[in-house]
Structures are given as structure tokens and as C-alpha cells.
Amino acid sequence: MAILVLGGAGYIGSHTVDRLIQNGYDVAVVDNLVTGHRAAVNPKARFYEGDVRDKEFLNKVFDKEDIEGVIHFAAFSVVPESMAKPLKYFDNNTYGMISLLEAMNAHNVKKIVFSSTAATYGEPKQIPIKETDPQVPTNPYGESKLAMEKIMHWSDVAYGIKFVALRYFNVAGAKADGSIGEDHHPETHLVPIILQVAAGERDQLTIFGDDYDTKDGTNVRDYVHVVDLADAHILALKYLQAGHDSDAFNLGSSTGFSNKEILEAAREVTGKPIPATMGPRRAGDPSTLIAASDKARKVLGWKPQFDDVHEIIKTAWNWKETHPKGYDDRKGN
Ligand code: NAD
Ligand code: UDP
Numbered sequence: 000m001a002i003l004v005l006g007g008a009g010y011i012g013s014h015t016v017d018r019l020i021q022n023g024y025d026v027a028v029v030d031n032l033v034t035g036h037r038a039a040v041n042p043k044a045r046f047y048e049g050d051v052r053d054k055e056f057l058n059k060v061f062d063k064e065d066i067e068g069v070i071h072f073a074a075f076s077v078v079p080e081s082m083a084k085p086l087k088y089f090d091n092n093t094y095g096m097i098s099l100l101e102a103m104n105a106h107n108v109k110k111i112v113f114s115s116t117a118a119t120y121g122e123p124k125q126i127p128i129k130e131t132d133p134q135v136p137t138n139p140y141g142e143s144k145l146a147m148e149k150i151m152h153w154s155d156v157a158y159g160i161k162f163v164a165l166r167y168f169n170v171a172g173a174k175a176d177g178s179i180g181e182d183h184h185p186e187t188h189l190v191p192i193i194l195q196v197a198a199g200e201r202d203q204l205t206i207f208g209d210d211y212d213t214k215d216g217t218n219v220r221d222y223v224h225v226v227d228l229a230d231a232h233i234l235a236l237k238y239l240q241a242g243h244d245s246d247a248f249n250l251g252s253s254t255g256f257s258n259k260e261i262l263e264a265a266r267e268v269t270g271k272p273i274p275a276t277m278g279p280r281r282a283g284d285p286s287t288l289i290a291a292s293d294k295a296r297k298v299l300g301w302k303p304q305f306d307d308v309h310e311i312i313k314t315a316w317n318w319k320e321t322h323p324k325g326y327d328d329r330k331g332n
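In C-alpha cells, the structure reads:
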């Protein structure tokens with residue numbers, strides 16, 4: 000039987016498809032390539048180009064494939080864009096989930112692993128953040144993902160569709176051989192932007208705010224390597240295959256790095272000066288986000304291999320150096 004990966008041509012999805020194939024799974028991918036790349040998908044996976052919200056298309060894929068469970072990455076995830084265009088986010092993300100669960104229910108597929116996010120917590124009341132802490136998103140992106148968690152909960156109650164919601168913290172890095180990596184347009188994440196400066200594609204990094212209540216005034220985040228994250232999805236699938244109940248897990252390293260520390264680490268890894276300037280705060284940025292991720296370690300048996308940000312940045316730099324134009328598949332702009 001196959002695992003269906005929605006959004007499998009994206010950054011995290013493509014690394015997960017790759018790990019699934021390496022672990023002997025039969026994999027089918029659905030992606031409309033709105034932000035993903037066809038070349039990122041392991042050639043051993045069957046690829047269906049289409050939109051999760053297109054029920055006719057999705058039902059055809061479910062008819063054709065013998066699907067045991069799904070992993071759902073397909074979503075928009077740029078916070079400032081979600082502030083300006085909330086309906087775009089509720090349509091693609093939240094409605095996309097409804098469409099997927101309908102197809103799953105119609106085809107008696109009862110297992111889903113879902114990309115949730117630290118953004119569902121909003122401004123944390125305590126650090127590290129536990130899975131049981133209040134979820135009060137401060138932007139439409141986080142709200143769209145929290146709604147997806149709730150829709151899965153009620154679909155479990157009504158139809159017995161079991162879910163694992165994986166709440167990622169900050170994801171970075173690339174496959175060690177540099178064959179797949181992060182390629183977003185426009186790029187908004189800190190690590191790839193820093194590496195664009197290192198590669199001479201941008202003049203400088205602007206650090207968004209140095210007046211936070213943190214060790215050096217800049218935001219503190221919890222970084223996890225994309226391949227460690229991918230492996231957590233396989234463990235979550237196994238957890239559901241073993242008949243366990245629906246649940247949510249944080250995925251982070253439980254260690255915080257400030258934006259200045261990440262910049263410093265990138266300077267060491269690349270050997271480049273990486274000019275940087277201080278700018279104003281970015282709207283909606285919580286001061287510090289660090290995950291309590293002992294639950295994923297204990298319950299899922301998750302053992303992240305990368306516990307050093309230098310190593311994480313090294314793999315991202317390897318991808319950047321070997322693929323200066325990313326997947327080089329952009330039409331126009
Ligand atoms: P990405 O944009 O690289 O990947 C998303 C993929 O989904 C793309 O290939 C895109 O083409 C596809 N897609 C989007 N809407 C679709 C639709 N309606 N139908 C079919 N395909 C569609 O993003 P990513 O960084 O790989 O993130 C993957 C998931 O992880 C997202 O759901 C995101 O919210 C979540 N997440 C990411 C991070 C992070 O740091 N990157 C952190 C927390 C959560
Ligand atoms: N950041 C920054 N400059 C940039 C991009 C990001 O200072 O050009 C900061 C951002 O304000 C946050 C941290 O880097 O404090 C991580 O941001 P990112 O967008 O990578 O992830 P987020 O934490 O928002 O999910």
C-alpha cells in the first residue's frame with residue numbers, strides 16, 4: 000500500500016518523500032507546484048500535479064492509488080502575506096484540509112500526519128512551550144493551521160480518522176549530499192536569507208529588532224534539521240499504524256539560538272563576512288520560541304541527529320553552493 004504525500008514537492012515534503020523511499024515505502028505525491036518544484040521529488044515516487052482543493056482530481060488519485068495513510072504538507076506559510084491576505088490562507092490551508100478529509104473518508108483512509116506549526120501557540124506564556132499550552136495564534140497563518148488541527152479532531156470523533164499533528168519550530172538545512180534543499184521565492188526564512196548574502200545574491204541581512212528581552216536583544220528560535228523532521232513523520236506514521244490515538248507533538252531541539260548567534264554561526268561555516276544591519280521589529284514576531292520536544296522523543300522515539308546549528312547551516316550551505324539558482328525552474332521573474 001502507498002503513502003500519499005500532499006505538498007511533496009515542497010521543501011519539507013521533498014525531504015520526507017526522499018526519506019520514505021529510503022525506508023522502503025511506496026509513495027505517491029500530490030502537488031500543484033505553486034511553491035514546490037517537480038525536480039525536488041524523488042523519481043521513485045509517483046507524481047500527480049493538481050490542487051488539494053480540486054475534489055474531482057483528488058478523488059481520482061484516491062481511486063487509482065491503494066492509499067494506507069497520508070502526510071499533508073500542502074499549504075501557504077508566509078506570515079506577513081497571511082496578515083495581508085487572510086482569505087487566501089483560509090481557502091488554501093483550511094479548505095484544503097476539508098477537501099482532503101472528505102476524500103479520505105470517502106475512500107476509507109483513516110490515518111493522517113499533518114504539518115502544524117509553533118505559530119498555533121502565538122505569544123507563549125512560558126518557555127519551553129509544551130503541547131498542552133494554550134494555542135492563541137497571532138496571525139491568520141497560525142489560525143488557519145489551528146483550524147486544521149480542530150477539523151482533524153472532529154473528523155476523528157465522527158469518522159475515526161486518526162491524526163498526528165506535528166508542530167514544527169524553525170526548520171533549516173538540506174539533505175547531506177546537497178541534491179535537494181530549500182528554494183522559496185521570495186525567500187523569507189532567516190538561514191537561507193543569510194546564505195543568500197554569503198553567496199553575494201543580497202547586499203546584507205537586516206535583523207528584525209534588537210530590543211527584545213533576550214540574551215542579546217534579538218529573537219530566539221529553536222532550529223531543527225529538515226531530515227530529522229522528515230524522520231519524525233515516518234515515526235508518526237508508525238505510531239498511527241500501531242493503532243495509537245490521535246495526538247500532537249512539538250518538533251524542535253529544545254535549545255534556543257538568537258538571530259545574532261545564527262548570523263555568527265553562518266559566518267563561521269561559510270567563512271564569509273555576511274554584512275548585517277539592524278532594522279525595526281517584524282510585526283507578529285514572538286520574542287522567544289523554544290519547544291519542549293521530550294514528548295516526541297519519548298512517545299514517538301524520535302532521535303534527532305543534528306544538535307548543532309553549525310552542522311545544520313553547513314548542509315544548507317552545501318545545497319546553496321552546489322545549486323546557486325536553486326532548482327532553476329522559475330518561469331519569468
Ligand atoms: P513549501 O511551500 O516549500 O511546500 C508546500 C508545498 O505544498 C509546495 O510544494 C506547494 O506547491 C504545495 N501546495 C501548496 N498548496 C497546495 C494545494 N492547494 N494543492 C497542492 N499542493 C499545494 O513549504 P515548506 O517550508 O516545505 O512547509 C511545508 C509545511 O510545513 C507547510 O504546511 C508549512 O505550513 C509547515 N511548516 C513549515 C515550517 C518551516 O519552517 N518551513 C515551519 C512550520 C510549519
Ligand atoms: N529574521 C530576520 N531577518 C530576515 C528574516 C528573518 O531578522 O531577513 C528573523 C525573524 O524576525 C525571526 C527569525 O529571523 O526573529 C526567524 O524568522 P523566520 O522567518 O526564519 O522563521 P519564523 O520564526 O518566523 O518561523
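In numbering that gives the first Met the number 0, the protein residues as written are 0 to 332. Think of the CB as a built atom: it goes at the ideal place given N, C-alpha and C, for glycine as much as any other residue.
The Cβ atoms of L19 and I233 sit closer than 8 Å to each other. Relative to A197, the option among D221, A315, I128, R52 whose CA is nearest is A315. If you check the CB distance, T119 and L145 come in under 8 Å.
In this chain, the alpha helix (DSSP H) harbouring V196 covers 189 to 197. Closer than 7 Å to some heavy atom of the ligand NAD: that does not describe the Cβ of L189. Under the three-state reduction of DSSP output, Y24 falls in the coil class, being neither helix nor strand. Assignment of T287 by DSSP, reduced to helix, strand and coil, places it in the strand class. The count of Cβ pairs closer than 8 Å, one atom from the segment 220 to 228 and one from the segment 151 to 161, stays below three, leaving the stretches out of contact.
The Cβ atoms of L262 and L194 lie no closer than 8 Å to each other.
Comparing C-alpha distances from E67 to each of K313, G283, D25, V223 shows the shortest one belongs to D25.
By alpha-carbon distance to T15, the top candidate from A73, F56, N31, G49 is A73. Beyond the five residues adjoining it in sequence on each side, R220 comes within less than 6 Å, by CB distance, of N169, L288 in the same chain, given in chain order. In this structure, G7 lies away from D182, with their beta-carbon atoms at least 8 Å apart. E67: member of the beta strand (DSSP E) spanning 66 to 71, first to last residue. Of the residues assessed, T276 falls on the exposed side of the cut-off, its CB having fewer than 16 other CB atoms within 10 angstroms. In this structure, the beta-carbon distance from A173 to E148 does not fall below 8 Å. Cβ atoms of M96 and I150 come within 8 Å of each other, at about 5 Å. By the CB criterion at 8 Å, A291 and S253 fall inside the cutoff.
A distance criterion of 7 Å places the beta-carbon of F207 in contact range of the ligand UDP, judged by its closest non-hydrogen atom.
Taking a cut-off of 8 Å for Cβ pairs, the segment 302 to 319 and the segment 256 to 272 touch, as three or more such pairs fall below it. Taking the C-beta atoms as reference points, H106 is found no nearer than 8 Å to F162. Your pair F75 and K59 does not check out as a contact, with CB atoms roughly 24 Å apart and the cut at 8 Å.
The ligand UDP has a heavy atom closer than 7 Å to the beta-carbon of R220. Remark: three or more beta-carbon pairs, one from each stretch, lie closer than 8 Å, so the segment 119 to 135 and the segment 238 to 257 are flagged as touching. In this structure, the CA atom of D293 is about 14 Å from the CA atom of I126. The three-state reading of DSSP puts Y326 in coil, since its state is none of H, G, I, E or B. CA-CA distance, S81 to A44, rounds to 31 Å. In the structure shown, F75 falls within a coil segment according to DSSP collapsed to helix, strand and coil.
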